[in-house]
Amino acid sequence: MSDPSTASIVSTPPTEAGSGAPVDAGLPENARREKPRGLLGDAWSDLRRKPLFWISATFILIFVLMAAFPSLFTSGDAVNGALSRSRVEPSGDAWFGYDVQGRDVYARVIYGARASIIVALVSTVGTLLIGGAIGMLAGYLGGWADALLSRFGDIFFGLPFVLGAIVILTTFNGAGSSNNEWYIMALVIMSLVVLSWPVVMRLMRSSVLATKEADYIMAARALGAGTGRIIIKHLLPNCLAPLLVYGTILVGSFIGAEATLSFLGIGLKSPVVSWGIMISEAQNYIRVSPFLLFFPSAFLVTAVLSFVMLGEAVREALDPKLR
Amino acid sequence: MRVSKRASGAIALGAAFALVASGCSSSDDGGDAGNSADGAITVDGTEPENPLVPANTTETGGGKIIDWMWTGLVEYPNDGGAPRNALAESIETADSKVYKIKIKQDTKFHDGTVVKAKNFVDAWNWGAHSPNGAQNSSFFADIQGFEDVNTSDPDGADGPQKAPEPKAKEMSGLKVVDDWNFEVTLTAPTAVFPTKLGYSTFMPLPDAFFAGKAEDFGKKPIGNGPVKFVSWENNVSIKLTRFDDYQLRDKMKIKDVNVKISQDDTAVYSELVSNNIDFQQQVPVSALAGDKWKQDLGERAVSSVAPVTGIIAFPIYDKRFTDPKLRRAVSLSINRQEITDKIFFGNRKPADSWANPLAPGAAPGNCTACQFQVDEAKKLLAEAGGFSGEMVFYYNADASHKEWMEAVAQQVKTNLGINARAEGVPTFAVFRQNINAHKMKGPYRAGWQQDYPDVENWVNPLYVTGGSSNDGLYTNKQVDALAKEAGAAPSLDASHAKFAEAVKLIDADAPSIPVYFSGQQSGHSEKIKKMELTNVGELDITTVEL
Amino acid sequence: MGRYLLRRLLQLVPVFIGTTFLIYWLVWSVPGDPFAGKCGDRRCPDTYINFMTEKYQLDQSIWVQYATYMKNLFQGDFGVTYNNRAVGDIIATAYPNTLKLAVVALAIEAIIGLSAGVLTGLRRNGFLDNLVLVSTLFLIALPVFVIGFILQWLLGVKWGIVDPTVSSEMRFSELLLPGFVLGSASMAYVARVARTSIAENRRADYVRTAIAKGLPMRRVVGVHLLRNSLIPVVTLLGTDLGALMGGAIVTEGIFSINGIGRAVLRAIVTKESATVVSIVVVLVLVYLLMNLLVDLLYAALDPRIRYE
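Protein chains in written order, with our numbering: chain X, 1 to 323; chain D, 324 to 869; chain R, 870 to 1177.
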């Protein structure tokens, strides 16, 4: 067993207590001489030096541009095709080939970025905000508030994803309701958030539980810091790490979840294109036309990878413990 | 008709027609009698949706079991030929209105009781009696006195009012003469009536059925066919075994049949390829693409055709679709050949007639609206005044209809310039409910698998006013009159001739769009040396040899 | 500790009632008449729909339906399906199967995820780290049906290394592949969370102290570092058992396993409230107990956390 006296100072070097200024042991010489900065400023100066950050940021910028202005990348038609070129292999004319309906896969991948990225990003942010806030409250307040919030989370946690999604989406988005794509996207996002926040909440709560008894929190409280200040200045930066890690991965799985919903006929509908729709459409042809699966998957993996790398870089910059 | 309820089912209407000799083994002398006698096979199946009662089964999962466990008055030969007597000794009529039916003596139910005329009459009366709520009750509507035992709800199923209790419990048109004879009187002459008698709704029920509750009987059914029930484990398997007292033609050559219940046809296919299951009725789309299944299975692949037509129906109650010219224009703008080639890999055939060509009495190539003529379509569309707004083609997303429906919408869009797209409705229940309530806002996927082999089954239910599946509310007085004359015709040939006239009128109106004729792609294990498929594409277990 | 446990167990009661009602209400509000689609492309006779509606009391208000269901539930009666099978039987056969699958998946996920996490956490930004990152992400990003299909086809059918599907005996060896597929998505989470946790704690003073004391590296990592880095991982694994059981729908389908996922999906589509609620209720109980266990484990793993 480890010595409890050493274990209890797991979280942070003691100097951080009270002032909130991180120790700068990990920074190079010149950085140490600069005047103390806030959390964000510190993080930025840290980030600027990381190639990982720049690479992933560039990719994300490209994907965001793709989502906002797909016509910059392709002049092809993502919606209309001709059966006569069904499943034609990639060639000079069509770099990524044509899908079952004879539509240009390259154009579809580009146009698909929008729905995929918006759904995944907004749902992730929503899940992190709601789950994180409730988890923070539950963990910090403890007692009855914790019990109430945790059990409330349990109720939602128990819902099977497919059931919840079917109900939310079919109730508001039944057949024949010609809702526009933004409305459907909002519904898809809502169901993802409603059904995913309890995981984040439990993650946050456990981090807070582990951190809140730390000496520097005690010290802050002893110095008369208010609840809000303690949460924002002390707890949040120290508990954010697992959340951000989870969040960046969540982006990827949400793109997949969106695919499942589309596959069940309750998610996005044609003519809207998304990578998820493309992947689920390709599944029957994996053996004869693997390129139909390959291209959307490649874009998806690249996008997910970029988000994870960015999240990693940001987290390291934000986390005082890793300095 | 029966519909397959496998959620990820490759083809929603899995059924095929008439296949003799699978060509499975290189030695054509069939199986080894010794192997077969005690042999057992495991076949693919789905969980029955209802207790196993013949008049209450309309889907393939339970229907298959019922078909195997019962033998009816007539049977449909596997080669698709005219129905012939099975349990019936003779069925006689002078006027197509009164039928004298004599059954074979001393055949037995699985519980040892003898099959008598009253087992038929009681079973039919039970099926027709509306408080019993049988799904197939409408099949008895031909029989005199049906409306006395079957009352309809004054405000439909969803309304608050309840249907009045029917006046009688028994139809006046059914009369038991003695143990082996009974007489059926119909409300109007119906030449096709004897043909219908092979459908599972008309099966006899043992006395044990009437002694208890139907739903309890359905857990442990007692039939009179070549196999009897052993056990049913939820979502796992249904076990059947040879009925040794069976006396009719189609005796079992093997002993046990184990129906393995599964929901994913891709999983079943992997088992089939590795010989862990002995028969799969329809291989999945992922295996059909690029004809991979023929490479995977080699001589174990079985290709057949099915009396199933893929149809897109118009909601004629919607003002935008009342003009026959518009409907014809849409139909003519669809390149069916391209769809069957590219989406179905040539495994289905482009539809070119209104009744499936496998149905006796169906004339081939009588659907002029099924041709692909873009110029004519454009002309007709212009005459109809064009189409404004969005034309949405609906399908149920819980079976694989997306690809072909999207292809149809795309062709209508490209060829006619109509703003068309396809949209999936999440579940068949919601889809069907909207169709029943006449709330569809665009052309929608329909499909028809014949209940019994006759062209009548392709006209009356679909295109006659008040037909049981005329959901688009198509109505044409001349068609109604001709169909009525056809029903009353003295012979089946005369009846078919009248139906041909009716179909001409239907063709001009194009109330729906026939798109493809279905095919079935099955496979069996190396263990099975010989087998046949029934007229609806089910495995005929009595022909299996190992 | 005893009082804490008692309080948590008492809290299960409102959660139980809340969840059952929420689920009952959700299934109730799924649009569509459950009997409208039962007769294929022919409309069902009104007499059939009326008969079934009355038999299953679907014409009653949701309160009456829910009350009846709960009353029966407390008498140990889970209700019957629309094909007149006892839901209790379905639960009894399907649950053990899903549980076996989920446990195998959890074990695979914990072993692979943790080792990958520890390795990469100790050697961050090396080649191995990036390799693990990319390969785990690939598993997350591809939907389960694609991974399952490809692995089943290659390993099961083409190369014949494993059985392509699981037989009804549910042998352990047959469950390895489905377990891997089911656990694949969470594996990446476990690896990432473990990596982060390890990386953070590696710089903590107590680790430096341990190293300075001259403890062998294996003991530093095994005893000091791992024990303190496990909390987020344990949370994830604990809550994941429930998620794995509920999320096995696709995996169960691909490998032909007769589990609760398939039963629930079928029941949702057919609006069989009794089946859905009964299965989910048991699932929720699993979640709740696992959560309780995880909370108790916190205290065991981390001396800083105390429950009064």
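Ideal placement from N, C-alpha and C gives every residue a C-beta, glycine not left out. From a predicted model like this one, the values you see are computed outputs, not experimental measurements.
| Item | Value |
| --- | --- |
| Mind checking N598(D): buried by the 16 CB within 10 Å criterion, or exposed? | exposed |
| Distance check for L595(D) and H847(D), CA to CA, integer angstroms please. | 7 Å |
| What residues from chain R crowd round N742(D), counting only those whose CB sits closer than 9 Å? | Ordered by position in chain R, no residue passes the 9 Å Cβ test against N742(D), which lies about 27 Å from the chain. |
| State the DSSP-derived secondary structure class of F505(D), mapped to helix, strand or coil. | strand |
| For S270(X), count neighbouring Cβ atoms within 10 angstroms of its own Cβ and tell me buried if that reaches 16, exposed if not. | buried |
| The alpha helix (DSSP H) spanning H819(D) covers which residue range? | L815 to D832 |
| Would you mind sorting S898(R) into buried or exposed? The rule is 16 or more other CB atoms within 10 Å of its CB. | exposed |
| Can R744(D) and A730(D) be called in contact, C-beta distance under 8 Å? | no |
| Using the C-alpha atoms, what's the distance from D832(D) back to P673(D)? | 20 Å |
| Would you mind giving the Cβ-Cβ distance between L869(D) and I577(D), rounded to the nearest angstrom? I have them listed as a contact below 8 Å. | 6 Å |
| Within the 8 Å Cβ cut-off, does T170(X) reach chain D? | yes |
| Is the CB-CB distance between G875(D) and S656(D) below 8 Å? | Since the first residue of chain D shown is 324 and the last is 869, residue 875(D) is not available in this structure. |
| Based on DSSP bridge pairs, tell me the residues matched to Y718(D). | G747(D) |
| So what does A57(X) bridge to, in DSSP terms? | DSSP lists no partner for A57(X). |
| What does the alpha-carbon distance come out to for the pair G684(D) and G1128(R)? | 47 Å |
| Answer with buried or exposed for Q944(R), where buried requires no fewer than 16 other C-beta atoms within 10 angstroms of its C-beta. | exposed |
| Under a three-way DSSP split, which group does R650(D) fall into? | helix |
| Relative to the alpha-carbon of S84(X), which residue among D104(X), G112(X), W54(X) and V301(X) has its alpha-carbon at the smallest distance? | D104(X) |
| Between L137(X) and F161(X), which are expected to be in contact by the criterion C-beta below 8 Å, what is the C-beta distance as a whole number of angstroms? | The Cβ separation is near 25 Å, so there is no contact. |
| Could you check whether the Cβ of I155(X) sits closer than 8 Å to any Cβ belonging to chain C? | Going by chain labels, chain C is absent from the structure shown, which instead holds the protein chains X, D and R. |
| Please state whether DSSP places T857(D) in a helix, a strand or coil. | coil |
| What runs of the alpha helix (DSSP H), each 4 residues or longer, lie entirely inside the stretch 1039–1119 of chain R? | 1041–1071, 1074–1081 and 1095–1115 |
| Do R202(X) and G135(X) count as a contact pair if the criterion is CB distance below 8 Å? | yes |
| Could you give the distance in angstroms between the alpha-carbon of W275(X) and the alpha-carbon of L293(X)? | 10 Å |
| Kindly say whether V199(X), judged by its beta-carbon, lies nearer than 8 Å to any beta-carbon of chain R. | yes |
| Is any beta-carbon of chain R found at less than 8 Å from that of A317(X)? | no |
| How big is the Cα-Cα spacing for I117(X) and E89(X)? | 27 Å |
| Quick one: list the residues of chain D neighbouring A971(R), beta-carbon separation under 8 Å, in chain order. | Per Cβ cutoff of 8 Å: no residues; A971(R) is ~18 Å from chain D at best. |
| From the DSSP output, in three-state form, read off G889(D) for me. | Look at the range of chain D in this structure, 324 to 869, and you will see that residue 889(D) is not part of it. |
| Residues in the same chain with beta-carbon distance under 7 Å from I639(D), minus the five sequence neighbours each way, listed in chain order, please. | T645, G795, L796, Y797 and P834 |
| Excluding five sequence neighbours on each side, which residues of the same chain lie with their C-beta closer than 6 Å to the C-beta of S123(X)? | I189, L192, V193 and F254 |
| Taking Cβ positions only, does P242(X) come closer than 8 Å to chain R? | yes |
| On the DSSP letters alone, give me the boundaries of the alpha helix (DSSP H) that Q880(R) sits inside. | G871 to S898 |
| Regarding K940(R) and the ligand NAD, is the C-beta to nearest heavy atom distance less than 7 Å? | Only the bare structure without any ligand can be found here, which leaves the ligand NAD out of the picture. |
| Going straight from the alpha carbon of D539(D) to that of P374(D), what length do you get? | 8 Å |
| Cβ of A107(X) within 8 Å of Cβ of T74(X)? | yes |
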